[in-house]
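To start, the structure under review is shown below, and the notes come after it.
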Amino acid sequence: YNRTILTLTGNNAVTLSTVAVAGNLNVASKLNIEGDIDMATGKKLTWVDSNQYISGTDSTVTIESDDFLQMNSDFSTTITSPLTTITGNLDVGAGVDVTGSITCSVDLNIEGDIDMATGKKITWVDNYQYISGTATGITIESDDTLQVNADTSVTFTTPQTTISGNLDIGSGLDVTGSITCSVDLNIEGDIDMATGKKLTWVDDTQYISGTATGITIESDDTLQVNADTSFTATFTTPQTTISGNLDIGS
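Laid out in C-alpha cells, this is it:
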C-alpha cells in the first residue's frame with residue numbers, strides 16, 4: 013500500500029496538466045473527454061469483453077466486432093483508401109456508384125438492368141469482340157465468328173434485314189413474304205410450286221403455272237424452244253391439240 017496510484021501534475025496552462033493513474037480507472041457514469049485519447053500500441057477499447065474492440069498501432073487500426081459491425085450515418089460515409097478489401101459477401105441495399113473500374117474474378121450476378129452509356133462496350137478478351145449501342149441502335153461485333161444458338165426458334169422483328177456476304181442455311185427457309193433477288197438464284201433442289209402459282213417473266217402475261225394434274229405455259233406472243241443437238245417431246249396423251257399453224261422446218 014505504499015505505491016503511488018494517482019498523480020496530479022499541474023501547469024500554468026490548464027490543458028497541459030495531467031492526471032496519471034497507475035492502476036485501472038473505473039467510471040460508473042459518463043466519461044467526458046474534451047481532448048484526444050492517446051492509446052498505446054496494441055491497447056484496446058473494448059465492449060463487454062475482449063472480443064469486441066478497437067485497437068491500433070502507428071500505422072494500422074483494427075475494428076473487431078466479433079459478430080456484427082453496424083455503421084450508421086444520416087448523409088454519407090466516406091472511405092478514403094487506394095485499396096479496400098472485403099472478405100465475404102457485401103450486401104448493398106441501394107445503388108453502388110463506381111467512378112473507376114470493377115474487376116470481378118468470378119461470376120457477376122445481376123438481377124436488374126445494366127444501363128450502358130452511349131457507345132460503351134461489353135467486350136470479350138480484347139476490344140475486337142463487343143456489344144455496344146446508342147439510344148437508337150445496337151452493334152454486335154464478333155470479329156471473326158458470331159454463333160447464335162436456340163433450342164426452339166429465333167425471331168427477328170424488323171421491317172428490313174440486310175446481310176452482307178454469304179448466308180448458309182442448314183435447314184429449310186420459310187418465307188411468308190416476297191423474295192427479291194437481284195442476281196442469279198441457284199437452286200440445287202426441286203422447286204415445289206403451290207397450285208395455280210406462277211413462274212413469271214417481266215409481268216404476269218408470260219408464265220408457267222400448274223396444278224396436280226396439268227401444267228400451263230403461257231408465252232403471250234412467242235414460245236421459242238432451242239436445242240444444240242436434238243429436241244425430244246414425248247406426248248403420252250390420247251389427244252394433242254394445236255390451235256393455229258404448225259411450221260416444221262425439217
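My numbering applies: residue 13 is where the sequence shown begins, and numbers increase by one.
Quick reminder that beta carbons are idealized off the backbone N, C-alpha and C, glycines included.
Check                                                                                                                        : Outcome
Where Thr30 sits in the DSSP three-state scheme                                                                              : strand
Extent of the continuous beta strand (DSSP E) run through Leu43                                                              : No beta strand (DSSP E) contains Leu43, which DSSP labels as neither H nor E.
Beta-carbon contacts of Val160 that lie in its chain and below 7 Å, excluding the five residues immediately before and after : Val166
Three-state secondary structure assigned by DSSP to Thr170                                                                   : coil
CB of Thr223 within 7 Å of CB of Thr212, strictly                                                                            : no
Continuous beta strand (DSSP E) stretch holding Asp215: start and end                                                        : Asp215 to Gly222
Segment limits, beta strand (DSSP E) that includes Ser67                                                                     : Asp61 to Gly68
Where Ser144 falls: helix, strand or coil (DSSP)                                                                             : strand
Distance between Ala147 and Val237 (C-alpha atoms, nearest Å)                                                                : 58 Å
4 or more residues per run - each alpha helix (DSSP H) lying fully within the stretch 77-136                                 : none
Selected residue, minimal CA-CA separation from Val187, among Phe168, Glu200, Val195 and Asn178                              : Phe168
Cβ pair Thr312, Thr69 closer than 7 Å                                                                                        : Because residue 312 is not part of the residues shown, which for the chain are 13 to 262, the question remains open.
Pairwise C-alpha distance: Val26 and Ala32                                                                                   : 15 Å
DSSP three-state assignment for Glu200, whether helix, strand or coil                                                        : coil
Alpha carbon of Lys210 to alpha carbon of Ile175, nearest angstrom                                                           : 28 Å
Range of the contiguous beta strand (DSSP E) that encloses Ile152                                                            : Ile150 to Glu153
Whether Asp78 touches Asn63 by CB criterion (7 Å)                                                                            : yes
When Tyr140, Gly149, Thr164 and Gln251 are compared against Met128, the one with the closest alpha-carbon                    : Gly149
Cross-strand partners of Leu235 (DSSP beta bridge)                                                                           : None; Leu235 has no bridge partner.
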